Structures are given as structure tokens and as C-alpha cells.
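Here is the structure we will look at.
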Amino acid sequence: MCVLRSIAAQCLRYCALSSIFLITLRAEHARAAEAPAADKTQPVVASLSADRATITVAGEPFAVYQFHSGHQPVVWPIVGPAGEAMTRQYPFDAKLPTEQDDHPHHRSLWFNHGSVNGLDFWMEPEAGDKGPQIVQRTIVVQDDAADDASACLVTTNDWMNSGKKVCEDLRRICFSTDAEGRWIDFTVTVKASDGELLFGDTKEGSFGIRVPGEFDVDAKRGGQIRNSHGQVDGDAWGRSAEWVDYHGTIDGKPAGIVVFDMPDSFRHPTRWHVRTYGLFAANPFGNSDFPAGDSPQGEVRLAPGDELTLHYRVLFYSGKRTAEQIGAIYREITAKPTAP
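For the sequence shown, the numbering used here gives the first residue as 57, with consecutive numbering after it.
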């Protein structure tokens with residue numbers, strides 16, 4: 057059953073939770089060695105406040121969906137099953153010693169594109185700039201009384217430029233946990249609501265994650281990129297694949313992130329703008345910037361009223377996973393029917 061939560065009525069209650077989220081994250085990370093394996097029976101709860109939705113697992117931090125942060129909604133922080141900080145802290149806070157302060161527009165986990173009707177939604181505008189930005193219009197917490205192991209947010213968002221609407225999107229973002237780890241299921245439908253829409257051919261897009269600094273291959277701390285075809289590190293850049301895994305260690309303990317491109321996603325299997333310095337992005341529109349000889353992509357033109365849907369599932373895991381294990385997970389999740 058879908059219930060619209062009153063943001064104003066819950067603001068005082070949940071702002072307190074939001075303010076202590078990072079403190080709790082540090083405490084949970086300190087307990088990582090004692091943390092139990094992920095359990096699919098752990099309740100996942102989404103709580104709304106004035107500017108965010110806070111997601112917890114059995115009362116412990118999982119993620120915060122910030123919908124008034126910078127020029128677009130983002131998910132930060134994201135906490136792994138053993139208490140790990142699973143994305144880069146910068147630019148939300150001072151960079152950690154293991155992080156680089158490059159690309160401030162790489163903000164944890166996000167969705168946008170670098171060329172939409174010629175407008176760059178990928179970059180972060182200067183403060184006060186009313187240029188390209190994605191503005192949330194509505195948010196609903198979707199409750200399922202039969203399944204407390206997941207919590208979903210449904211949002212509508214307007215892609216704006218200098219006060220003029222360019223297009224809109226509908227997002228369904230589900231947070232869950234099971235024996236494999238913690239999951240974010242991200243489905244977005246972009247609609248040409250305000251005239252013809254052109255997604256341009258550029259590598260700067262689209263569904264992005266900035267991994268923790270300790271994962272960076274370039275840092276030479278043991279981080280690695282690998283995809284469903286067995287290509288690793290720089291050889292995986294720009295290639296099409298059903299999934300990509302970016303893994304390493306956090307505080308000496310192995311962990312990783314897998315993004316699965318789901319079969320119902322536009323231009324599956326997508327190509328990947330995944331970099332050895334820490335950017336991890338699925339991009340179904342880039343072509344000319346990527347290596348030749350792979351799946352052709354390129355620009356997409358939508359007539360007024362038309363739409364396209366992208367669907368990614370992200371697994372945040374503790375410990376190690378072999379390529380065979382990840383492949384088995386992919387086969388399992390794609391065999392299940394997609395939730396409406």
C-alpha cells in the first residue's frame with residue numbers, strides 16, 4: 057500500500073535522526089568486525105524529513121536520499137553491510153586521506169546526463185547559478201506490509217534550465233537487504249514532457265557512483281574493475297556488459313560494489329563510463345567517446361510525449377565475490393519478475 061508521508065508533520069522527528077546519521081555511521085563502522093552477515097529478515101525503513109529520506113536497516117544507517125542537495129537529488133551517505141562508507145565522502149565533507157578532491161560533481165550516487173537538448177546536467181553549477189538542475193516535485197514512501205525487508209521511494213522530478221522546464225522523470229528507488237549484502241534498485245523513466253528531447257552522444261553520463269578512495273585502481277591499494285566479459289580495469293572502460301564490479305578494501309577489509317544493468321533497461325547491455333580513478337557510471341548514450349567495435353549507441357531523440365526507462369540494481373557487499381558468484385547473482389535476479 058502506497059502512503060504519502062507528510063513531510064512537515066515528520067520534520068522534527070526525523071531531522072534529529074538525520075543529524076546523528078554520520079555519528080552513527082562512524083560507530084557502526086567501528087563495530088564492523090563484530091557485524092553479523094546480512095539477513096533478509098532485517099526490517100528496512102524509509103523516513104521522510106524536510107530535505108531527505110533516511111533509510112535504516114534494523115534501526116542502523118543504510119542510506120540518505122538527499123533531494124535538496126546541490127543541483128540534483130543524490131544518495132549519500134551509503135553504508136555497507138559491515139558499516140563501511142561505500143562511496144566517496146568528498147565533496148559533502150572534507151576529503152579523507154584516501155580520497156582525491158577531483159570532479160566535485162561526482163556526488164556519491166546520482167542520475168543525470170551531460171547533454172540534454174544541448175544542456176549539461178552532468179556538471180555541478182556554481183552556487184546561485186540557475187542553469188541546468190534537477191528539481192524534485194513530489195516524493196512518496198511506498199510501503200509493502202508483506203515485505204519489511206525493503207523500502208521504496210517514488211519521486212517525480214523536473215529537469216530545469218533558468219526557470220524553464222526541459223523534461224521530467226519518474227524514479228522508483230528501492231532499498232533492501234539480503235544474504236548477499238545491501239541493495240539499491242534504481243528505475244528511472246525520462247519523459248519528453250515539454251517538447252522534443254535529445255539525449256546527446258557524450259561519455260559524461262548517466263547513472264553514476266563515485267567509489268570510496270580505497271577502491272581506486274590508480275591508488276594501487278588493490279582496487280580492481282571487472283565486467284561480465286572478464287575485462288578488467290582500463291579495458292572495461294566504454295565496453296558494453298551486463299554488470300560491472302568495482303572492489304577493493306576499506307580499512308583493510310574486502311568490500312565491493314556491483315551495478316547490474318537489468319534486461320528491461322534501455323539499450324541493455326549498456327556501455328560503461330567506469331574509470332580507474334573511481335568514477336563508476338552506466339551510460340547508454342555515449343558512443344563516439346568510447347572504444348570502437350562495441351555495441352553501437354549514440355544520441356537518442358524522443359518525440360513529444362515519448363519516454364525511455366533505465367533500470368539498474370546496485371549491490372553493496374562485504375567480503376570477496378568471484379566473477380562466477382556475481383554471474384550467478386545476476387542470473388538469479390534477472391529470473392525474477394520485475395516489481396510494478
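Every residue, glycine too, gets a C-beta built ideally from N, C-alpha and C.
Since the structure is predicted, the reported quantities are computational estimates derived from the model, not experimental observations.
Asked, Found
"Consult DSSP for residue 107 and reduce its assignment to one of helix, strand or coil.", "coil"
"Report buried or exposed for residue 367, applying the criterion of at least 16 other Cβ atoms within 10 angstroms of its Cβ.", "buried"
"So for residue 312, helix, strand or coil by DSSP?", "strand"
"Under 9 Å between the Cβ atoms of residue 195 and residue 123?", "yes"
"If we count the other Cβ atoms within 10 Å of its Cβ and call it buried at 16 or more, is residue 111 buried or exposed?", "buried"
"Any chance the segment 146-163 sits against the segment 345-365, with 3 or more Cβ pairs inside 8 Å?", "no"
"Between the Cα of residue 105 and those of 264, 228, 197 and 152, spot the shortest distance and give me the residue it belongs to.", "197"
"Once DSSP output is grouped into helix, strand and coil, what is the label at residue 383?", "helix"
"Specify, as a first and last residue, the run of the beta strand (DSSP E) that residue 339 falls within.", "335-339"
"Hey, how far is the Cα of residue 277 from the Cα of residue 334?", "13 Å"
"Apart from the five residues just before and just after residue 126, which ones in its own chain have a Cβ nearer than 7 Å to its Cβ?", "163 and 180"
"When the Cα of residue 317 is compared with those of 243, 293 and 357, which residue comes out closest?", "243"
"Measure the alpha-carbon distance for residue 255 versus residue 173 and round it to whole angstroms.", "7 Å"
"Please classify residue 170 as buried or exposed, where buried requires at least 16 other C-beta atoms within 10 Å of its C-beta.", "buried"
"Counting C-beta neighbours from all protein chains within 10 Å, is the total for residue 207 16 or more, i.e. buried, or is it exposed?", "buried"
"Just to check my reading of the structure: residue 261 and residue 341 have Cβ atoms closer than 8 Å, yes? What is that Cβ distance to the nearest angstrom?", "6 Å"
"Roughly how many angstroms lie between the CA atoms of residue 247 and residue 297, to the nearest whole one?", "25 Å"
"Please state the DSSP three-state secondary structure of residue 114.", "coil"
"What does residue 175 pair with, by DSSP beta-bridge criteria?", "172"
"Can you tell me which of 213, 330, 154 and 257 puts its alpha carbon nearest to the alpha carbon of residue 281?", "330"
"Would DSSP call residue 222 helix, strand or coil?", "strand"
"Per DSSP, what kind of secondary structure is residue 267 in: helix, strand or coil?", "coil"
"Nearest-angstrom Cα distance between residue 352 and residue 322?", "13 Å"
"Do residue 379 and residue 284 have their beta-carbon atoms positioned less than 9 Å apart in this structure?", "yes"
"Quick check on the DSSP output: the beta strand (DSSP E) that includes residue 363 runs from which residue to which?", "363-374"
"Taking residue 148 as part of the beta strand (DSSP E), name the residues at either end of that continuous run.", "Segment: none, residue 148 is in no beta strand (DSSP E) and carries neither H nor E."
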